[in-house]
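The sequence shown runs 34 to 62 under this note's numbering.
Scroll down for the structure; my scribbles are underneath it.
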Amino acid sequence: MGIDLWLGGAVAAGLLGYLLWALLRPESL
């Protein structure tokens with residue numbers, strides 16, 4: 034377990050969260 038795993042998880046979670054937000058609020062883009 035290293036920092037790379039944490040960074041990868043954080044980036045993946047951020048991208049997924051942003052995609053979900055964009056899908057839920059398309060008019061806000």
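Positions of the beta carbon are idealized from the N, C-alpha and C atoms, including for glycine.
Whole angstroms is fine: what's the gap from residue i's alpha carbon to residue j's?
i: L38; j: W54; result: 24 Å
i: P59; j: A43; result: 23 Å
i: I36; j: G50; result: 21 Å
i: G41; j: L52; result: 17 Å
Does DSSP put residue i in a helix, a strand or coil?
i: G35; result: coil
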